[in-house]
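Residue numbers (this note's numbering): 353 to 779.
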């Protein structure tokens with residue numbers, strides 16, 4: 353994708369070549385391109401802590417197994433989804449437990465394999481169950497209402513992140529973004545049938561009014577090229593631009609889909625209407641860069657302790673056998689040597705939208721895979737400022753009144769949910 357160099361608040365229209373005799377089939381939408389300043393204006397991350405939840409010494413409910421998602425409703429209540437416990441905990445604005453939603457099971461409102469949770473503005477909850485292939489709907493009191501089928505091809509199901517579209521009683525998700533879970537059947541031929549290569553990464557609106565969900569496309573995110581593994585399967589290139597996105601309070605979606613600093617604002621029925629840019633350029637990936645990056649990853653691999661190598665466990669006659677660390681290292685060395693790289697290192701490494709419509713953008717740091725400053729923009733195209741590298745991460749959830757939530761993990765792996773309050777200018 354080429355990088356555009358527009359002037360501030362200039363409206364760009366791409367016109368068909370009528371002189372060449374091409375017919376005009378549809379009207380063309382205008383995209384307002386807003387060029388933001390390149391110089392950083394630093395902000396201080398002195399956020400007030402409101403409460404924190406999660407401790408081995410705390411109440412039983414807050415001894416979390418794995419916190420998969422946190423979210424706020426319109427009253428500031430916090431929803432914590434523990435994927436290991438198959439529970440959603442609803443907490444008041446002081447940090448006290450109000451109720452629990454869901455439990456493992458096969459019946460109505462029970463979770464077989466819930467991988468994602470959405471808190472609606474009115475306090476309703478939607479749980480995405482990959483094995484039921486359905487959405488569980490709960491009312492603001494936590495009572496189960498009904499299930500809505502996913503529909504589509506039952507041979508494979510992919511679940512990506514979902515967020516509420518405020519004011520529309522709908523959800524937003526993406527196809528081709530970061531996958532939370534995948535479920536599929538092995539064919540009799542001995543493997544998963546390879547689906548067609550995608551041509552885009554659609555941003556989708558999910559409607560849950562009937563017995564089966566209905567989806568429509570808000571915008572088409574750009575699909576980067578892919579490599580091919582030794583087995584012939586598609587392989588994502590290293591540093592390939594990911595699709596980062598967030599839902600704004602008016603129901604529009606802010607997203608980044610390329611290596612450039614381009615934040616696109618899209619609306620249902622209109623597509624992309626505005627592009628916010630900063631003159632920050634992606635780093636080209638050269639042969640020297642690839643060699644240095646492979647060397648860096650190999651050094652990290654050699655310095656990693658055996659118990660942090662991963663690689664899974666082998667079960668023999670019911671006994672769990674640890675894999676040979678040298679075997680795991682050799683396999684990972686081979687993988688590193690065979691890495692294929694995208695042509696540029698993207699400027700953007702993350703994006704989210706606040707409750708009142710600020711767009712938080714995580715930039716890359718000094719190293720290709722490290723985090724740098726966090727920018728804050730507003731949806732109209734005003735640059736608010738930036739938090740210096742290491743000052744803060746993008747919150748895991750935004751709520752009303754400046755409430756934000758972070759999922760933190762201590763040295764023992766214990767997860768804590770920390771709720772803070774940010775200034776109005778960044779929320």
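Ideal Cβ positions, reconstructed from N, Cα and C, are used throughout, including at glycine.
- Spatial neighbours of residue 762 in its own chain (CB-CB distance under 8 angstroms, excluding positions within 5 residues in sequence) are listed in chain order as 768.
- Note on residue 438: 16 or more other CB atoms within 10 angstroms of its CB, so buried under the neighbour-count rule.
- Distances from the CA of residue 598 to each of 590, 607, 592, 434 were compared; the closest alpha carbon is that of 607.
- By the Cβ neighbour-count rule, residue 683 is exposed, with fewer than 16 other Cβ atoms within 10 Å of its own.
- Checking the DSSP bridge columns, you'll see residue 434 partnered with 419, 439.
- Closest by C-alpha distance to residue 723, out of 700, 460, 772, is 700.
- Residue 722 carries a coil assignment under DSSP once its states are collapsed to helix, strand and coil.
- CA-CA distance, residue 577 to residue 588, rounds to 8 angstroms.
- Closest in C-alpha terms to residue 515, from the list 555, 625, 505, 702, comes 555.
- The three-state reading of DSSP puts residue 552 in strand, counting E and B together.
- Shown here, residue 482 sits in coil according to DSSP, grouped into three states, outside any helix or strand.
- In this structure the segment 624 to 637 does not lie against the segment 646 to 665, because fewer than three pairs of beta carbons, one per stretch, are closer than 8 angstroms.
- Rounded to the nearest whole angstrom, the C-alpha separation of residue 725 and residue 744 is 9 angstroms.
- For residue 684, the enclosing alpha helix (DSSP H) covers residues 677 to 689.
- Residue pairing by DSSP puts residue 574 in a beta bridge opposite 552.
- Secondary structure note for residue 527: it is in no alpha helix (DSSP H), with a DSSP letter that is neither H nor E.
- In the three-state reduction of the DSSP assignment, residue 410 falls in the coil class.
- Taking a C-beta distance under 8 angstroms as the contact criterion, residue 714 and residue 702 qualify as a contact pair.
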